[in-house]
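First comes the structure, then the notes that go with it.
Residue numbers (the numbering used here), protein chains in the order written: chain R, 6 to 387; chain S, 294 to 598.
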C-alpha cells in the first residue's frame, strides 16, 4: 500500500498544499481552522488528507476557537496545526499567548494578505511579520519562518513542527499570498530522509518531574493528558510544577524562561541564505515572495559586474542580528524591499547601528516589487 | 544592548514540598486534590466548594481513575476548579475552555473531558463556542456554575443576570434579561441537559454521573450562591440564606420543557433533568463516515454522495 503519510516524489502543487503536506509528513494529526483567503487551500487539503492517515480535521466557529483547539489537541498528544491570514491571525493572538505561556508545541501558518483590517483579501502583503513577533500581549520568545517557494512551504512546515517540539511553543510559518498561490515543483523526500523530531516526553517519577522547569536553556519534557503526571496547565504565572503563583518573583522566572529559551538558542534556530555576500557592497535583505524578486535583481546586477548580494531571511524571528552586525561595516547599504510600510527594516536599521545606509523599499500590498526597481535602488549606492 | 536584571530566585522544590500540609491525604477526597493547592481562594458562602465536592463524588461513584479524566476551565471563580484537582487539568483563556477541550477530546477520545466554568465565561465571551460544540455534539461534559454575575472581577452584570438585578455595573437595576441556559443548550443540540442548585448535592452527583454515561455534549447548570458579588447588592443575604432560598423556591420537575426554565430575580427555580437524548457524537460520525470513506479510497458503500 502506498505511503499516505509521506507522498514521496515530485508534485506540481501550490504553496498552501505544500504546507499541508509538510504537516502531514512530519506527523501532524490534528488541524482546526476557519476559511479565509488566501489560506483556505491549506484547510481544504487537510480536510481531504487527514482522514486518510487517521487524523482529525475540524472546522471551528472562528480563529479564536481554532487556535484554542490546536492547543488542546497538542496536550492530547497530537502534533497540531492551523492556518489563517491577517484577520484570523489577529483573532488567534489571544490563544497564541496561552500557547506561549503554557509551552505548547503547535504550528500556525499565516498566508499573509494586505491589511489592515479586511484590506485586500486576495492580494499579497507582508505586514504581519511584526505582529508575529509582538502580537500577543506580554513577553515571550518567537520563532517565525518565511518560505519563498512551494518547496520551502513543505520544508519549512516540517521544520516548524520540529522547532515547536524542541522549544515547546507555537511556531509560525509566515507565508504570503504569492508563495501560497504559486504552483511549482515540490519534491517530497522518502520518509527516511525526512527529519522528524518527536515529542520529548518525561521518564522520571511523577514526584521528580517539573513540567515547567526553567533551570536550563531548554524547556522541560512535555507530559500530555493521560501520561499519569497530572499536570496543571495554566495561563496564569506559574511555578515549575505548573501551580499558579501570583508574585513578582515567580513572574521573573516564568517570563525570562519563555524569552531566554529562544534568545539563548537563537544561533541554532536562525537560518538564512546568503547569495554573493563575500564581496557585496550593497546587500538586499528580503524574505518570502520578495526574496525571489530580490534574487533576480542581485543576479542581474552581478551579470553587469556590480557587487550586489542577497541576505534572504528564512527565520524572521529570531532575527539574525549578528549577521547584519558583521556585514554593516563592510557594505555601503542594505536595501530592504518588503510589502509593508517598514517592519523588518527596523531590525536591519537597529542592528546596522549606523554603519551602513538602510533603505526601505515599501509597498503597501497588492503587488510585488519588480527586479528593475530593486536594481535601481542598488544602483544608487554603487 | 547590555541587560541589567534582578537576580533570579530559583524554584525551591523541597521548600514547596515541605509547605504541603501534613494532613494532605487524610481525607478520602484528597486523592482527587493536588497536594499543596488547598485552601482554595473562594469566598465564605460561595457554592463552588459544593460543586467541586459533587464532581469528586461523581468520579468516585463511577470509579473513574484520575488518569481517565481531564478537566478544562476558563477564567473566573469557577475557572479555578481545574487547578485544585489532581488530574490533567487545563486553566485556559477567558471563554475558550470549550474549544480547547474540543481539541483535547478529539485527540484523546477515550478520556472523559469535563469543562468546568462559570456562566460569564461560557455564555458571554464563550457563548459562540458553546453553541457550536453542542451542535457538533463533541463529547464534552460541561458543568456551568451559574452565580448570576462576574464574581472574580467583583460582581459585575453578566449574561445570566436577571432583569432588574443590581450589580456593580447595573447599580440602578439591570436593563437586560438573562439567558435561560438549559433552553439555550437544548436548542443548540446538547444531548443531556439538567439544572440543580447547590442545595441539591445528591441529585447533582447523580446527574454528573449520568452525563459521564453518555457520549456527546452534555450540559449541567448548577445555581450557586455568590454572597459577595451578587447576594449583597440584591439583599439575598448570606450563603446560608441563599441555600434557604433554593430550598424554598426550587421546583423539581423532570422532563420539563427547558423553555419554562427562565429564572427571574427572587423567582422560582425549575430544576431537574430536562433532556436525555442520544445521537452520534462528532468523533463517531467522523470515524464511521469521513475516515472510513477516506481509507476506502473514496470507494464502496461508505462513499459520500
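Every residue gets a Cβ at the ideal spot worked out from N, C-alpha and C, and that includes glycine.
In this text the structure is predicted, and so the values were computed from the model without any measurement.
Report yes if the C-beta distance between residue i and residue j is below 8 Å; otherwise report no.
i	j	result
residue 426(S)	residue 510(S)	yes
residue 370(R)	residue 20(R)	no
residue 314(R)	residue 365(R)	no
residue 248(R)	residue 228(R)	no
residue 258(R)	residue 280(R)	no
residue 130(R)	residue 181(R)	yes
residue 493(S)	residue 431(S)	no
residue 165(R)	residue 183(R)	no
residue 390(S)	residue 367(S)	yes
residue 82(R)	residue 230(R)	yes
residue 290(R)	residue 316(R)	yes
residue 318(R)	residue 292(R)	yes
residue 323(R)	residue 267(R)	yes
residue 447(S)	residue 526(S)	no
residue 110(R)	residue 74(R)	no
Against residue i, what residues of chain S qualify as contacts under a CB-to-CB distance less than 7 Å, listed in chain order?
i	result
residue 141(R)	Correct list: empty, because the minimum Cβ distance to chain S is about 10 Å.
residue 57(R)	587 and 588
residue 80(R)	383 and 397
residue 61(R)	399 and 579
Kindly identify the DSSP beta-bridge partner or partners of residue i.
i	result
residue 317(R)	278(R) and 291(R)
residue 89(R)	115(R)
residue 489(S)	515(S)
residue 441(S)	Answer is none; residue 441(S) lacks a bridge partner.
residue 322(R)	149(R)
residue 459(S)	Answer is none; residue 459(S) lacks a bridge partner.
residue 170(R)	None, per the DSSP bridge assignment.
Which value, in whole angstroms, describes the spacing of the CA atoms of residue i and residue j?
i	j	result
residue 596(S)	residue 105(R)	Unreliable placement is indicated for residue 596(S), whose pLDDT of 45 sits below 50; no coordinate value is reported for it.
residue 39(R)	residue 61(R)	14 Å
residue 351(S)	residue 471(S)	29 Å
residue 368(R)	residue 136(R)	17 Å
residue 260(R)	residue 537(S)	47 Å
residue 120(R)	residue 149(R)	19 Å
residue 244(R)	residue 23(R)	39 Å
residue 571(S)	residue 437(S)	21 Å
residue 76(R)	residue 480(S)	28 Å
residue 486(S)	residue 473(S)	12 Å
residue 598(S)	residue 52(R)	Its pLDDT being 41, under 50, residue 598(S) is placed unreliably in this model, and the coordinates cannot settle the point.
residue 546(S)	residue 496(S)	12 Å
residue 340(S)	residue 439(S)	10 Å
residue 17(R)	residue 192(R)	9 Å
residue 574(S)	residue 421(S)	19 Å
residue 318(S)	residue 300(S)	36 Å
residue 582(S)	residue 429(S)	14 Å
Closer than 6 Å by C-beta to residue i: which residues in its own chain qualify, once you throw out the five before and the five after it? Chain order, please.
i	result
residue 269(R)	222
residue 41(R)	89, 90 and 93
residue 364(S)	375, 378, 382, 407 and 409
residue 441(S)	453, 454 and 523
residue 31(R)	163, 166 and 201
residue 194(R)	none
residue 402(S)	576
residue 57(R)	9
residue 6(R)	Residue placement at residue 6(R) is poorly supported in this model, since its pLDDT is 49, which falls under 50; the coordinates are not used for a value here.
Residues of chain R with CB closer than 8 Å to the CB of residue i, please, in chain order.
i	result
residue 382(S)	235, 236, 237 and 238
residue 299(S)	257
residue 379(S)	235
residue 327(S)	235, 237 and 248
Applying a beta-carbon distance threshold of less than 9 Å, which residues of chain S neighbour residue i?
i	result
residue 88(R)	Result: empty, since nearest Cβ-Cβ is about 15 Å, beyond 9 Å.
Note down, in chain order, every chain R residue with its Cβ under 7 Å from the Cβ of residue i.
i	result
residue 302(S)	254
residue 583(S)	56
residue 376(S)	237, 239 and 249
residue 360(S)	231 and 233
residue 554(S)	Ordered by position in chain R, no residue passes the 7 Å Cβ test against residue 554(S), which lies about 25 Å from the chain.
Spatial neighbours of residue i within its chain, please: C-beta separation below 7 Å, excluding the five flanking residues on both sides.
i	result
residue 374(R)	295, 298, 342, 366 and 368
residue 361(R)	333, 336, 337, 338 and 339
residue 240(R)	103, 106 and 107
residue 593(S)	Interpretation of residue 593(S) is limited by its pLDDT of 47, a score under 50 that renders its predicted location unreliable; no figure is taken from the coordinates.
residue 552(S)	476
residue 126(R)	42 and 118
Mind pulling the chain S residues with CB within less than 8 Å of residue i?
i	result
residue 35(R)	396, 399 and 400
residue 244(R)	304 and 309
residue 173(R)	By Cβ distance, chain S contributes nothing, its closest Cβ being about 16 Å from residue 173(R), past 8 Å.
So, for residue i: in the same chain, excluding its five sequence neighbours on each side, which residues have a beta-carbon less than 8 Å away from its beta-carbon?
i	result
residue 294(S)	none
Interface residues of chain R around residue i at Cβ under 9 Å?
i	result
residue 422(S)	65, 66, 67, 69, 70 and 73
Proximal residues, the region 390–408 of chain S versus chain B, C-beta separation under 7 Å
Looking at the structure shown, chain B is missing, and the protein chains on hand are R and S.
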